[in-house]
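Visitor: Protein chains in written order, with our numbering: chain X, 43 to 410; chain L, 43 to 410; chain D, 43 to 410; chain V, 43 to 410. Every residue gets a Cβ at the ideal spot worked out from N, C-alpha and C, and that includes glycine. In this text, all values refer to a predicted model and were calculated from it rather than measured experimentally. Mind looking over this structure? Questions follow.
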């Protein structure tokens, strides 16, 4: 659609450092990435990789989101990718990215991975959490696990911008950590007793058809799942502990909500200083996220609806305090496929390319 | 549709003690009550009261739920009601039932009230919680507030069966208290730190059109509302405190979910004895609700979906325990308009008429 | 739940002629059949057959719809079925029922088949329509095709009551034929130019997960499919031609609607006599369906919503006439899984057992 | 958000000819207009008018769609509007725009009206169709009715670009006329017997709360409404007749679909030449809409889903032919609030300002 202007016309690698390969193109993560890059002022999509749809022309399988260069979907061979791309966005099932990443990096393709494969700095921790995947593989890439940067642009912009490998966070951790980290970081809340009650739309379950995500099943119903021990628990705890400076154990309960997109996290914590008001706590958030265009801190008494952030990269945060119980309640709404997935990945990509993190990002919804 | 057999053919009041007036017929509470009584083996609907639809024939305004006697909707005059009805089910906005109840009782009409008017044993407490309504009225019926029985059939069957006036609980309190009360009653959980994160379908907002409940607004979105201080907080606390034997203060956060019906309550508590397992806690629930057909305790690891209880009077409960955090997680799904409203009211009506509480109650859903 | 009273306690086959096997239990057709028979005053479910769930206990895989006798799902061996069942309801993919039916009939099990296998009186016609299935099979049972009764109880009650084999009609044909047949039968409309524009909920696509029926895909969208040549076209034309007494060719376009259940058919025809009014045409329908409790003819100007018939066996019909264009517009709403599938099958089962066709049928919805 | 570059820096009115007033800002039409102009490279919103929200700051009532200049909503006084705006987009209930338009035009404000007030070139025709509104007003502006241009940019670009007053078409006419006009224009289909079966999401009913548009009512249901005589019938007929060159009478039946946005029109016509194939007819459409970026003609056999055009200004068209019946079936999907309302209005605004009609228009969806 748009002509892309390379950063510099003159010499060197940088001329082409805007070429992006998207692997797992026809899944929801791939689809969002394509949509975001299709409108992007800098990047150009030069390679589409996939299994299920190998050999098909993109514009045939996706008539509503055509690409000008109408790429053919190809098997994701790292070397071939490296010939045409500077960056690769991997949107693959857990346990698949780690089989591609080493070779991609070796071929100088910088990677943003949307799976969980590199979200833990410790391979051991990953193997404990993704037991099933770990058993089938024989990962020995603990160095890459340490190297990979956990891609929350609002907290790790510098590391991301220099990274070869970014592990883009999951939707639940993103929504939950964004309001929580400032309070953990400043020691304003008790370390114990944190509760995250999260609600997600069904697109979080991916595009591979499963009975539980059929409209007939999921519509007109809400239910908890993965109660106690959901894999995002340890991902959240890892970052929360890192930012708090001590080990955090918390309760995380996801729920499946009858809607396509959107994720709401309601976080319960206890204030150390019972005198803090909702206004005080809102000020804390506003100060920390002052220069972060993707984060919107709502006024006290305004609570976020996921519809307000649909199809945008915004995270809308709101704070309330119950003085009766000294309880801090944090609310956070994101689009699980944008700020909770591909949008955040493109933010990282922007930083890696030396751009502003919100370059090309949609920040306003079509309401309703 | 069905011919009703009066309890006794021989003389006395009891011959006719199956006649029910429904006031507020065309709202959702009224509609469900009519649907449940239309199929009921004992009761007969003999009066329909309403404001908005006064003078209209029921079958004209509700072609999908015709009544054989095709009643005309009338203004709810207590005396007229008493001429044709033994019981009245009131499904009116808060602050309206209390204007009808004294005269109904004086005329020997026993009342099940679906509003909040008599849910607090203390008129003072009601006035503090329903400030807006209290200011417009000048209630002096604190004796009736004390007399009214809070209508949870699983906990107060005896009082209900003898009551003149039953205050049918709200949907949030019903869903939240059913799993919680056994643990409070047996002292198995800490009194402090209770958190109820609840999710409701939009029919909970009633049939009067409001922007927030439009499909265009509420669909494809989830949001918290009434965070801190929602009026159901004190209703829950009142009963929780009574059953626990000491004052309980808790956190209650409702969320609006894009579905017509259904209410899920996720309750977080801390176990006194960290050695208790999910199986132990499930046994506790099963023991207490053994003979309660409307309560279904699910096996450990099976979590309730609201779709499983849709259009039924069932409450499906499930328990999980996180041994890392000593946290007890209770999950409870109901249909907000049946077990959470009219179904529970008819359970009470059954008890008041000397019937089994589940008489005529739907207990199985049409899935999906 | 309910104790079933056999028709007669004394001697003879009839004592047990209420035992029903349901094959394909965990699909939507099976599930509805179980739900309808679970509440049924006469029939008893004695066998559950299935492939995917063979060996599992019903109550484990379906905690929301438990059976008192908690059957284990078994492979559908005709002989085994015949030992415990008088009737079999087959809810299987097209091309599977015809492999079971001959042996079932040979073993004196009367069959109601929910698939398309026996909906055509000509095997040839079936093979032309279900090409893919026909190629894999080598059907030679054209005698059974002729014998099978097309199970619309409102039009074929006598044949159904005596049938060994009933082919229960599809959801689109049911909804479309019910309003149309009276006008064809009485020669009130032109034979040419009939148009059926139909809209179905996604449960019509079955429970096997397919991408197109995922909530994320199907929600918030409407689209036509199978435009020109959809297989239900010839099924509708077969019955329409039979009732009209001459060959009918018509246009049928199905659309996928973002809802779980419900099917609406909007039928366009041209009146032979331009003087006929909507009231006249409503009278025609009312006369024909006077004694049919499952058919509700709405007053002129009231148009059916699928929600009015949800979870019921009702078909709601409405007529409008445009005098400018001499156009007759017929509207018809059903629940695709009840009157459009399992409910109609149980109606047939009732007739086969000598009961009233609506025995045990739900006719009133829980609105909203 | 974006800095706007005026068309010309040098002198004259044109410097400022990018200032737009939006009247009826907080309704759905206003909201979409603001969203589209907020991202627009040329226009600037300089005035927000409204009744219900007069005096409020935009950013307070719409936290998810903030404006940099955070306008206060004001009463729509034509003179005040003319001081700050070159264009006015009116998104008001029928019968209100015509009270503002004369004075706006007198003050040199060019107008795009989203209501039906100026969609008929004959005031008489309007008065016959909008009887209720006509009775309350005493309109004498038949000259303005003749002057107003019916704003379909794909058919009337030249007139629109010079117009003082554009009447933006309704959503049903837009979706129905776009595929139909080419065939009428070229005389390829019979003039009689046209049938339009249309399906719309509930946002088409506007933001003023009505019971029928509540999620609890409209969700999980589809129903026809306004059968025979819906007001969009004559609007469609007026344009169809004009383009066909003779009077067209057709059948139009709208249906309410349980989704927020989206409109699908299924149009049935009879081919004059029975030899024409679907490919031929697709070629006809492609030829006519070759240079129209908002119109996408799908390959034969690909049918449009409204989700494919959600939040975009695209109309997706598809053609099928039934050679058995010589029937042409046209399918057309739009977003009812974009191409069916505000998007089309901004297309007109673009043309009026001398820009390409798709300037700033979103053409690709966020799927799913």
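For the segment 315-349 of chain V, list every residue whose C-beta sits within 9 Å of some C-beta in chain X, in sequence order.
Guide: Taking 9 Å as the Cβ-Cβ cut-off against chain X, the residues of the segment 315-349 of chain V that qualify are 338, 340, 341, 344, 346, 347, 349.
Visitor: Under 8 Å Cβ to Cβ from residue 149 of chain X, same chain only, skipping five residues before and after it: list those, please.
Guide: As a working note, residue 149 of chain X is residue 107 in the first chain. Closer than 8 Å at Cβ, skipping near neighbours: 120, 121, 123, 124.
Visitor: Roughly how many whole angstroms lie between the Cα atoms of residue 264 of chain D and residue 194 of chain L?
Guide: Translated into the one-based positions of the third chain, residue 264 of chain D becomes position 222. Translated into the one-based positions of the second chain, residue 194 of chain L becomes position 152. The straight-line gap from Cα to Cα measures roughly 43 Å.
Visitor: Counting only Cβ pairs nearer than 7 Å, list the residues of chain V close to residue 245 of chain L.
Guide: Here residue 245 of chain L corresponds to residue number 203 of the second chain, with the count starting at 1. Correct list: 258.
Visitor: Roughly how many angstroms lie between the CA atoms of residue 394 of chain L and residue 152 of chain L, to the nearest whole one?
Guide: Within the second chain, the letter at position 352 stands for residue 394 of chain L. Within the second chain, the letter at position 110 stands for residue 152 of chain L. So the alpha carbons of these two residues sit roughly 8 Å apart.
Visitor: Counting C-beta neighbours from all protein chains within 10 Å, is the total for residue 332 of chain V 16 or more, i.e. buried, or is it exposed?
Guide: Mapped onto the fourth chain, residue 332 of chain V falls at position 290. When all chains shown are included, residue 332 of chain V counts as exposed.
Visitor: Closer than 7 Å to a non-hydrogen atom of the ligand MG - does that hold for the CB of residue 306 of chain X?
Guide: By its list of ligands, the structure shown contains no ligand whatsoever, and the ligand MG lies outside what it can speak to.
Visitor: I want to see whether chain L comes within less than 8 Å of residue 310 of chain X, judged by CB atoms only; does it?
Guide: One-based indexing of the first chain puts residue 310 of chain X at position 268. With 8 Å as the cut-off, residue 310 of chain X counts as an interface residue toward chain L.
Visitor: Contact between the segment 364-380 of chain L and the segment 270-280 of chain L: three or more CB pairs below 8 Å?
Guide: No, they do not touch.
Visitor: State yes or no: is the beta carbon of residue 98 of chain L nearer than 8 Å to at least one beta carbon in chain V?
Guide: Here residue 98 of chain L refers to the residue found at position 56 of the second chain. No, its Cβ sits nowhere closer than 8 Å to a Cβ of chain V.
Visitor: Taking residue 344 of chain X as the reference, which of X:320, X:336, X:330, X:353 has the closest Cα?
Guide: As a working note, residue 344 of chain X is residue 302 in the first chain. It is X:320.
Visitor: Hey, quick one: how far does the beta strand (DSSP E) through residue 358 of chain L stretch, first residue to last?
Guide: The sequence position of residue 358 of chain L within the second chain is 316, counting from 1. Segment 357-364, the beta strand (DSSP E) holding residue 358 of chain L.
Visitor: If contacts are defined as beta-carbon pairs under 8 Å, then residue 75 of chain X and residue 387 of chain X qualify, I think. What distance do you get, rounded to the angstrom?
Guide: On the first chain, residue 75 of chain X is found 33 positions in, with the first residue counted as 1. On the first chain, residue 387 of chain X is found 345 positions in, with the first residue counted as 1. With a Cβ gap of about 7 Å, residue 75 of chain X and residue 387 of chain X count as contacting.
Visitor: Which of helix, strand or coil does DSSP assign to residue 53 of chain X?
Guide: In the first chain, the residue the question calls residue 53 of chain X occupies position 11. Since pLDDT at residue 53 of chain X reaches only 44, below the 50 mark, its modelled position is unreliable, and no value is offered.
Visitor: Please report the distance separating the alpha-carbon of residue 94 of chain V from that of residue 239 of chain D.
Guide: Mapped onto the fourth chain, residue 94 of chain V falls at position 52. Mapped onto the third chain, residue 239 of chain D falls at position 197. Distance between the alpha carbons of residue 94 of chain V and residue 239 of chain D is about 40 Å.
Visitor: My output table needs one value for residue 390 of chain D: the three-state DSSP class, helix, strand or coil.
Guide: Taking the third chain and counting its residues from 1, the one referred to as residue 390 of chain D is at position 348. Helix at residue 390 of chain D.
Visitor: Tell me where the beta strand (DSSP E) around residue 419 of chain L begins and ends.
Guide: A question about residue 419 of chain L goes unanswered here, because the residues of chain L that appear run from 43 up to 410.
Visitor: On the three-state DSSP scale, how would you describe residue 274 of chain V?
Guide: Within the fourth chain, the letter at position 232 stands for residue 274 of chain V. Residue 274 of chain V falls in the helix class under three-state DSSP.
Visitor: What are the start and end residues of the alpha helix (DSSP H) that includes residue 174 of chain L?
Guide: As a working mapping, residue 174 of chain L is identified with position 132 in the second chain. Counting along the chain, the alpha helix (DSSP H) containing residue 174 of chain L begins and ends at 173-178.
Visitor: Quick check: is the beta carbon of residue 407 of chain L nearer than 8 Å to any beta carbon in chain D?
Guide: The residue labelled residue 407 of chain L in the question sits at position 365 within the second chain. Cβ-Cβ to chain D under 8 Å: yes for residue 407 of chain L.
Visitor: Taking its Cβ as the centre, do 16 or more other Cβ atoms sit within 10 Å of residue 280 of chain V, making it buried, or is it exposed?
Guide: Locating residue 280 of chain V in the fourth chain gives position 238, counting from the first residue. Buried, by the Cβ-count rule.
Visitor: For the segment 127-145 of chain V, which residues have a beta carbon sitting closer than 8 Å to at least one beta carbon of chain D?
Guide: Of all residues in the segment 127-145 of chain V, none has a Cβ within less than 8 Å of some Cβ in chain D.
Visitor: Helix, strand or coil for residue 338 of chain D, going by three-state DSSP, please let me know.
Guide: Numbered from its first residue, the third chain carries residue 338 of chain D at position 296. Strand, per DSSP.
Visitor: If you measure between the beta carbons of residue 237 of chain V and residue 237 of chain D, is that distance less than 8 Å?
Guide: What you label residue 237 of chain V is simply residue 195 of the fourth chain in a count that begins at 1. What you label residue 237 of chain D is simply residue 195 of the third chain in a count that begins at 1. Yes, the Cβ-Cβ distance between residue 237 of chain V and residue 237 of chain D is below 8 Å.
Visitor: Terminal residues of the continuous alpha helix (DSSP H) containing residue 154 of chain L?
Guide: As a position in the second chain, residue 154 of chain L is number 112, starting the count at 1. Taken as a continuous stretch (DSSP letters only), residue 154 of chain L belongs to no alpha helix (DSSP H), being part of the beta strand (DSSP E) at 152-155.
Visitor: Compute the distance between the beta-carbons of residue 133 of chain L and residue 65 of chain L, then report whether it is under 8 Å.
Guide: One-based indexing of the second chain puts residue 133 of chain L at position 91. One-based indexing of the second chain puts residue 65 of chain L at position 23. Contact: yes.
Visitor: In chain X, which residues lie with their C-beta within 8 Å of the C-beta of residue 255 of chain D?
Guide: Counting from 1 along the third chain, the entry for residue 255 of chain D is found at position 213. Here the neighbours are 251, 256, 257, 258.
Visitor: Does the CB of residue 361 of chain D have a neighbour CB from chain L at under 8 Å?
Guide: To locate residue 361 of chain D, count along the third chain from 1; it is residue 319. Not closer than 8 Å to any Cβ of chain L, the Cβ of residue 361 of chain D fails to qualify, so no.
Visitor: Please name the residue, chosen from V:402, V:358, V:241, V:59, that lies closest to residue 77 of chain V on a Cα-to-Cα basis.
Guide: For the purposes of this step, residue 77 of chain V is taken as the residue at position 35 of the fourth chain. Comparing Cα positions, the closest option is V:402.
Visitor: Can you name the residues that DSSP bridges to residue 408 of chain X?
Guide: Residue 408 of chain X sits at position 366 when you count from the first residue of the first chain. Its beta-bridge partners do not exist; DSSP assigns none.
Visitor: Start and end of the beta strand (DSSP E) containing residue 126 of chain L?
Guide: The residue given as residue 126 of chain L occupies position 84 in the second chain. Where residue 126 of chain L is concerned, there is no enclosing beta strand (DSSP E), although the alpha helix (DSSP H) it sits in stretches over 120-126.
Visitor: Starting from residue 302 of chain D, find everything on chain X with Cβ-Cβ shorter than 7 Å and list it in chain order.
Guide: In the third chain, residue 302 of chain D corresponds to position 260, counting from 1. Those are 257, 258, 261, 262, listed as they occur along chain X.
Visitor: DSSP three-state call for residue 291 of chain D: helix, strand or coil?
Guide: Position 249 of the third chain holds residue 291 of chain D. DSSP places residue 291 of chain D in coil when its eight states are reduced to three.
Visitor: Would residue 369 of chain X count as contacting chain L if we go by Cβ distances under 8 Å?
Guide: Along the first chain, one-based indexing puts residue 369 of chain X at 327. Chain L contact via Cβ: present.
Visitor: Taking 8 Å as the cut-off, decide whether the C-beta atoms of residue 90 of chain X and residue 101 of chain X are in contact.
Guide: Locating residue 90 of chain X in the first chain gives position 48, where the first residue counts as 1. Locating residue 101 of chain X in the first chain gives position 59, where the first residue counts as 1. No, they are not a contact pair.
Visitor: Take residue 190 of chain L as the anchor and find which of L:390, L:408, L:406, L:400 has the nearest alpha-carbon.
Guide: Residue 190 of chain L sits at position 148 when you count from the first residue of the second chain. Among L:390, L:408, L:406, L:400, the Cα nearest to that of residue 190 of chain L is on L:390.
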